[in-house]
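Per the numbering used here, the sequence shown runs over residues -3 to 558. We put the CB at the ideal spot given by N, CA and C, even for glycine. Given the structure is predicted, the values throughout are model-derived calculations rather than measurements. Reviewing the structure listed below.
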Amino acid sequence: MKNFNTKLLVSLMAAVVLVVGCKREYGTVTLGARIDDGRDAKVYIDDLTPCWHNNDLIRVNNQTCTTSAALGSLAQITDVIESSHYSAIYPADIVGNVDISSGNSVAVTLPRVQLYEVDSRGDQKVKVPMGAYSSSESLTFYNLCSLIKVVISSQMSNEFMLERIKVSANIAYLSGQGTVDVTDGSSARVTVQSQAQHDVSLLFGLNRPTIATGDRNTYVYYIVVPEFPTSNDVTITLYADGNRYFSVTKYGATLGHNKMATISLTVDQLLPEASPEGTLQGLFSISATEQVRFSQGNLQYQASTSTWRFAENQYDCIGSANSNISATYSGWIDLFGWGTSGWNSGATAYMPYSTSRTASHYYPGGSYQNGLTGEYACADWGVYNAISNGGNEINLWRTLTRDEWEYIINTRNTSTVNGVANARYAKAQVNNKAGLILFPDNYTHPNGVTQPNGINNATTTYWTQNNYNISDWGLMETAGAVFLPAGEVRWNGTQVSNNGPEGAYWSSTPYTTWIGTEHLLENAYCLFFDDNDEGEGVAVSDIRQTYERFYGLSVRLVRNNN
-3 MKNFNTKLLV SLMAAVVLVV GCKREYGTVT LGARIDDGRD AKVYIDDLTP
47 CWHNNDLIRV NNQTCTTSAA LGSLAQITDV IESSHYSAIY PADIVGNVDI
97 SSGNSVAVTL PRVQLYEVDS RGDQKVKVPM GAYSSSESLT FYNLCSLIKV
147 VISSQMSNEF MLERIKVSAN IAYLSGQGTV DVTDGSSARV TVQSQAQHDV
197 SLLFGLNRPT IATGDRNTYV YYIVVPEFPT SNDVTITLYA DGNRYFSVTK
247 YGATLGHNKM ATISLTVDQL LPEASPEGTL QGLFSISATE QVRFSQGNLQ
297 YQASTSTWRF AENQYDCIGS ANSNISATYS GWIDLFGWGT SGWNSGATAY
347 MPYSTSRTAS HYYPGGSYQN GLTGEYACAD WGVYNAISNG GNEINLWRTL
397 TRDEWEYIIN TRNTSTVNGV ANARYAKAQV NNKAGLILFP DNYTHPNGVT
447 QPNGINNATT TYWTQNNYNI SDWGLMETAG AVFLPAGEVR WNGTQVSNNG
497 PEGAYWSSTP YTTWIGTEHL LENAYCLFFD DNDEGEGVAV SDIRQTYERF
547 YGLSVRLVRN NN
């Protein structure tokens, strides 16, 4: 949304001619879309006014359509398949590719993560869910949810960068799956009822604002929530750069349908965040100035409950059971297509159970050039999802880039292990599982545990020579070592390779360059290792170390150490 003055709004009403004359061609119609201008609508509180943008995505009956000729609260929806009636919901991604033509009990998902966006004027674009139902070709859209307005000021001695705002309630569900009946008109509202969470976050991504100190500086942000008419304790938590936070609680808060609640915060100190559950202690340099810590195990997902978790142990893998991947599978999987966090990035295949064998279906934003960072950071599994045994918060984890994997494997300065300076990795078996040991920047090998051989040696096999049982590995893990198990590769949709020990871990970096006459733009980079003794044992930036994005590879997340 953005602000319009009253005179402009009045003049816009005269433009209703845009949405009346509708032309039929080849069984399609152009619908008029008007946002309800009732004075009790929350978009008019605090001088907010509704505004369509060209190319807004709206689900109409059984198709996803776009707006055009947008002018304030008026727009056209073009190329709509003609019907006796029209059910519509904005934004389209909260309903997905389902038929909503009945208008009754339409299944919607209010996302746990809302991305902060700005329009050409620098105002926040708030994607308030709206619904409409009509037997004519003119649709009036009504708000389906409510708003929380967060007002921030600071008394800190220094400015800080704001990374995320989290709203949580002790009773009400603020995100998750629910239903709505758009035939109810202005009374239509979303009721969240399953796979739901008591929190929702506004994530700033590349648009992180700088919060300056001083009484004259205030910063206002809006977050969409469903109504909660009964009393709740609502907590607003600000997450700042450097893993710091500040929070305040408003007790006994209520919020009616199509209304807005205001909560103000004055930041006087930022407290350090503790490392979340599931964080290993070893520190690994990813550049000359930055370090990360790895998660306790590979990422896993259960589709039947939409649950993410880390493997209990570093050496745990799902293996051949990944072939059961589906939207309803009640088991766990740990091999994922690239960028399949579950966030609708504009890719065709973005769910963790996606098995499309068309690599271009996995392009965030529909372009091979987009990575899992910046504007498309929510396509990263760790940014968009709360890991149940990894802090259970969004935006705690992330996937390494190609350059960061390269730095860990080939560049960083580390300790001397078994006479080898800058010991970075070694192939090994841990609890009879082949994989790759990564030594942290500072590492002392435990007394009484066999020294590793083949350190930093990518061209020879040491799967069996470096063989550590659970007890020995426990000591190495305590010393900071990380183990990446050879989790194999899922290919051809649901088939899992069985070609011997083979590990492939996605990076967040797409492959975007040409090599001679061959182009691999459908690929993305990964860390790869196998038992090859002819030069391809461990690599990340070589052209051989890319996979087409529909392949299912392992994911190991990291957390920045600030």
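Residue i to residue j, Cα distance in whole Å?
| i | j | result |
| --- | --- | --- |
| Pro436 | Ala66 | 55 Å |
| Asp399 | Tyr501 | 14 Å |
| Ser560 | Leu198 | With the chain represented from -3 up to 558, any question about residue 560 goes unanswered, as that position is not in the structure. |
| Lys423 | Lys429 | 11 Å |
| Asn228 | Lys246 | 8 Å |
| Ser503 | Phe525 | 14 Å |
| Asn463 | Val445 | 10 Å |
| Leu434 | Gln292 | 13 Å |
| Leu549 | Ser101 | 37 Å |
| Thr60 | Gln298 | 28 Å |
| Asn495 | Val485 | 9 Å |
| Lys123 | Asn340 | 14 Å |
| Thr369 | Asp119 | 23 Å |
| Ala307 | Thr490 | 21 Å |
| Ser260 | Thr226 | 21 Å |
| Tyr521 | Thr505 | 6 Å |
| Thr580 | Val244 | Coverage of the chain is limited to positions -3 through 558, which leaves residue 580 absent and any answer about it impossible. |
| Ala184 | Ser132 | 19 Å |
| Val39 | Asn254 | For Val39, the predicted structure reports a pLDDT of 47, less than 50, and the residue's modelled location is therefore unreliable. A value from the coordinates is still provided. Approximately 8 Å, taken between the alpha carbons. |
| Asn318 | Ile329 | 5 Å |
| Ala470 | Ser149 | Here the sequence assigns Gly to residue 470, which means Ala is not the residue at that position. Roughly 47 Å separates the two Cα atoms. |
| Thr301 | Ser164 | 21 Å |
| Thr336 | Asp177 | 30 Å |
| Asn438 | Leu279 | 8 Å |
So residue i and residue j are supposed to be a Cβ contact under 8 Å. How far apart are they, rounded?
| i | j | result |
| --- | --- | --- |
| Leu517 | Tyr364 | 4 Å |
| Ile219 | Ile144 | 5 Å |
| Val114 | Asn557 | Wrong, their Cβ atoms sit about 30 Å apart, outside the cutoff. |
| Arg420 | Arg408 | 7 Å |
| Tyr349 | Val109 | The pair is not a contact, with the Cβ atoms about 19 Å apart (cut-off 8 Å). |
| Ser171 | Val146 | That belief does not hold up - the Cβ atoms of Ser171 and Val146 are roughly 16 Å apart, past 8 Å. |
| Tyr215 | Ile207 | 6 Å |
| Leu158 | Ala236 | 6 Å |
| Ser190 | Arg305 | Actually they are not in contact, since the Cβ atoms of Ser190 and Arg305 sit about 19 Å apart, beyond 8 Å. |
| Gly362 | Ala343 | 7 Å |
| Tyr129 | Asp32 | Contact doesn't hold; Cβ gap of about 13 Å is too wide. |
What are the start and end residues of the alpha helix (DSSP H) that includes residue i?
| i | result |
| --- | --- |
| Met472 | 466 to 474 |
| Glu334 | Here the sequence assigns Trp to residue 334, which means Glu is not the residue at that position. Careful: Trp334 lies outside any alpha helix (DSSP H) and carries neither H nor E. |
| Ile77 | Unbroken run through Ile77 is the beta strand (DSSP E), 70 to 77; no alpha helix (DSSP H). |
| Gly378 | 377 to 380 |
Given a threshold of 16 other Cβ atoms within 10 Å of its Cβ, counted over all protein chains shown, does residue i qualify as buried or as exposed?
| i | result |
| --- | --- |
| Glu286 | exposed |
| Gly415 | exposed |
| Glu21 | Here Glu21 scores only 48 on pLDDT, less than 50, and its place in the model is too uncertain to base an answer on. |
| Ala88 | buried |
| Gln151 | exposed |
| His49 | exposed |
| Tyr547 | buried |
| Ala284 | exposed |
| Thr45 | buried |
| Ala382 | buried |
| Gln541 | buried |
| Asn519 | buried |
| Ala323 | exposed |
| Leu392 | buried |
| Ile451 | buried |
| Arg545 | buried |
| Val230 | buried |
| Asp264 | exposed |
The beta strand (DSSP E) that contains residue i, what's its start and end?
| i | result |
| --- | --- |
| Tyr325 | It is not in any beta strand (DSSP E) - Tyr325 carries neither H nor E in the DSSP assignment. |
| Gly28 | 24 to 31 |
| Val188 | 187 to 193 |
| Gln298 | 295 to 298 |
| Pro481 | 478 to 481 |
| Arg289 | 287 to 290 |
| Gly499 | 498 to 506 |
| Ala66 | 59 to 67 |
| Lys123 | Here Lys123 belongs to no beta strand (DSSP E), and DSSP marks it neither H nor E. |
| Lys246 | 240 to 251 |
| Ala284 | Here Ala284 belongs to no beta strand (DSSP E), and DSSP marks it neither H nor E. |
| Phe525 | 519 to 526 |
| Met256 | 256 to 263 |
| Trp629 | No statement about residue 629 is possible, as the shown extent of the chain runs from -3 to 558 and does not include it. |
| Tyr543 | 542 to 544 |
Fill in: Contiguous beta strand (DSSP E) assignments of at least 3 residues, all confined to the stretch 135 to 180
Whole beta strand (DSSP E) segments, 3+ residues: 142 to 150, 156 to 165, 171 to 176.
Discussion item. Give the list of continuous beta strand (DSSP E) stretches no shorter than 3 residues that lie fully inside the stretch 383 to 451.
Written reply: Those beta strand (DSSP E) runs which fall completely within the stretch 383 to 451 and span 3+ residues are 421 to 426, 429 to 434.
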